[in-house]
Amino acid sequence: MRPEDRKYTKSHEWIKIDGDTALIGITDFAVNELCSGNEGDLVYCDLPEPDRELEISETFGEIESVKSVSDLDSPLAGTVVEVNALIEEHLEILCTDPWDKGWLIRIKYTSKDLDELMDAAEYEEMVSQEQH
Amino acid sequence: MTDRWRLLQHFEAEPGFNMAVDEHLLGGGQFPTLRFYTWKPDALSLGYFQRWTDVPAAEKAGVVVRRLTGGGAIHHAEELTFSFTAPVTHPLYRGPVRDSYERVHDAIAAVLLEFGVHAELRGDQVVRSDVANTGMCFHKSTDLDLVWDGGKGLGSAQRRTGGRVLHHGSIKIGRTDLEPGISTLRSHASELTPENLAKGLRARFPELLGMEMEPDELTPGELARAEARAEHFRSSSFLHRR
Chain A
5 MRPEDRKYTK SHEWIKIDGD TALIGITDFA VNELCSGNEG DLVYCDLPEP DRELEISETF
65 GEIESVKSVS DLDSPLAGTV VEVNALIEEH LEILCTDPWD KGWLIRIKYT SKDLDELMDA
125 AEYEEMVSQE QH
Chain B
910 MTDRWRLLQH FEAEPGFNMA VDEHLLGGGQ FPTLRFYTWK PDALSLGYFQ RWTDVPAAEK
970 AGVVVRRLTG GGAIHHAEEL TFSFTAPVTH PLYRGPVRDS YERVHDAIAA VLLEFGVHAE
1030 LRGDQVVRSD VANTGMCFHK STDLDLVWDG GKGLGSAQRR TGGRVLHHGS IKIGRTDLEP
1090 GISTLRSHAS ELTPENLAKG LRARFPELLG MEMEPDELTP GELARAEARA EHFRSSSFLH
1150 RR
């Protein structure tokens, strides 16, 4: 079961609210789609600079695996206040711990409409359907 | 239900235009699209994240563009380029990225056999075409790449955005000075042309990939949009973005 303390998007990002900020990352499912468990398949991650303002669904970064470039989209509107500097040098963290050490950005959100997002059970259901 | 695909072909098309058409197709479309094309003039395409300085051949190539897809640089000469664009939920692309490569590469290998080429996924083989520090796609292989005669002969890369995927591939027909040591089809099929190769792929893909292809042309609006956007892919700002 995935963590129940956060919300999930159809494009496999997770959002964890922390006061007036939110952490955003990508799920284990997204990571596995990119690298199928091979840590070395993740080669590059481009994340935004702090202070960048994001709209809902705006692309805030890109991640490259050996065979694909994929966008990272923000589920919330707000301002980037912190970027996980560890990730760009240690992409393997996304494989080993996508939920805690593998967070990507922290944003100070201006909207907190999470109704459209899925909870862990709903995300599990969506992922199980994608796998069949 | 029939899996209907739009088929586009642009032989000897301008390099920036080629990238602009694929960008447009990645943005959406009623049907998934398979596109075959070649380049005039010959050009080198950088992978989306590559630094110009990491690809020495970029200084030697007359024309350079940057792709939206990842991976290494490709010299588009003596080859056939293909692009698939489809929703990521399409059966060809659903699931892990690796699986989608296997599906497409297995189909292409089956077609290449008809040209006398025994292509296979590289797997754990050591190939002679791997060369360090050139930044060229064909000089860096992965286990999913198609190889024959001990070298890489098909280069490919994907871009996934907005719930859609763009899958680029280059099948080498002949040798070029910028990519020494790679495998080509012409050593098995001396008269092979990009047009003939595209014809062979078109003929077998419906059976191999379960698709029905509808030959089509870009609409006047699509054509105008791609022509207007072509400059972006060869612009200094995009070429030197890293």
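Sequence order for the protein chains is A and B. Throughout the first sequence, residue numbering follows this note's numbering, covering 5 to 136 in sequence. Throughout the second sequence, residue numbering follows this note's numbering, covering 910 to 1151 in sequence. For each residue, glycine too, the CB sits at the ideal point set by N, CA and C.
Chain B within 8 Å of residue i, Cβ atoms only
i	result
Lys71 (chain A)	yes
Tyr12 (chain A)	no
Asn36 (chain A)	yes
Tyr127 (chain A)	no
Tyr48 (chain A)	yes
Glu152 (chain A)	Summary: the structure shown does not reach residue 152 (chain A), with chain A confined to residues 5 through 136, and so no result is reported for it.
Ser74 (chain A)	yes
Ser40 (chain A)	yes
Ser78 (chain A)	no
Glu59 (chain A)	no
Glu120 (chain A)	no
Glu68 (chain A)	yes
Ser115 (chain A)	no
Residue i vs residue j beta-carbon contact at 8 Å
i	j	result
Lys20 (chain A)	Arg10 (chain A)	yes
Ile28 (chain A)	Leu121 (chain A)	no
Ala929 (chain B)	Leu953 (chain B)	no
Arg1143 (chain B)	Gly925 (chain B)	yes
Val35 (chain A)	Asp55 (chain A)	no
Thr994 (chain B)	Asp931 (chain B)	yes
Thr1070 (chain B)	Ala986 (chain B)	no
Lys1081 (chain B)	Leu1101 (chain B)	no
Ala81 (chain A)	Leu58 (chain A)	yes
Leu1063 (chain B)	Ser1079 (chain B)	yes
Gly1060 (chain B)	Gly1083 (chain B)	no
Tyr946 (chain B)	Asn927 (chain B)	yes
Arg975 (chain B)	Leu1148 (chain B)	yes
Beta-bridge partners of residue i, as assigned by DSSP
i	result
Lys11 (chain A)	A:Ile19
Leu58 (chain A)	A:Gly82
Gly1078 (chain B)	B:Phe991, B:Ser1065
Ala1132 (chain B)	The sequence given here has Leu at residue 1132 (chain B), not Ala. In DSSP, Leu1132 (chain B) forms no bridge with anything.
Ile67 (chain A)	A:Cys49, A:Ser74
Pro996 (chain B)	B:Arg1073
Pro1124 (chain B)	B:Leu916
Phe1142 (chain B)	DSSP lists no partner for Phe1142 (chain B).
Val87 (chain A)	A:Ile109
Chain A within 8 Å of residue i, Cβ atoms only
i	result
Met910 (chain B)	Because the pLDDT at Met910 (chain B) is just 49, under 50, the model does not fix this residue reliably, and the value given afterwards should be weighed accordingly. Chain A contact via Cβ: absent.
His933 (chain B)	no
Val1036 (chain B)	no
Pro1005 (chain B)	yes
Gln1067 (chain B)	yes
Thr1128 (chain B)	no
Tyr1010 (chain B)	yes
Tyr957 (chain B)	yes
Gly979 (chain B)	yes
Thr1102 (chain B)	no
Gly1064 (chain B)	no
Leu1053 (chain B)	yes
Gly936 (chain B)	no
Gly1119 (chain B)	no
Gly1072 (chain B)	yes
Three or more C-beta pairs closer than 8 Å, one from the region 65 to 75 of chain A and one from the region 34 to 49 of chain A: is that the case here?
yes
Below 8 Å, how does it come out for the region 921 to 939 of chain B and the region 1062 to 1082 of chain B: are there three or more Cβ pairs, yes or no?
yes
Using 8 Å as the Cβ pair cut-off and three pairs as the minimum, do the region 1107 to 1115 of chain B and the region 1026 to 1045 of chain B touch?
no
Examine the Cβ distances between the region 1050 to 1064 of chain B and the region 1117 to 1133 of chain B and report whether three or more of them are shorter than 8 Å.
no
Answer yes if the region 993 to 1006 of chain B comes into contact with the region 936 to 953 of chain B, meaning at least three C-beta pairs across the two stretches below 8 Å, and no otherwise.
yes
Let me know the beta strand (DSSP E) ranges lying completely inside the region 91 to 115 of chain A, each 3 residues or longer, listed in chain order.
109 to 113
Count the C-beta pairs between the region 99 to 116 of chain A and the region 50 to 67 of chain A that are closer than 8 Å, then say yes if the count reaches three, no if not.
yes
Which runs of the alpha helix (DSSP H) fall wholly inside the region 1095 to 1119 of chain B and span at least 4 residues, in chain order?
1103 to 1118
Okay, do the region 1114 to 1121 of chain B and the region 1000 to 1019 of chain B touch, 3+ Cβ pairs below 8 Å being the bar?
yes
What ranges does the beta strand (DSSP E) occupy inside the region 1019 to 1072 of chain B, keeping only unbroken runs of at least 3 residues that lie completely in it?
1055 to 1057, 1060 to 1070
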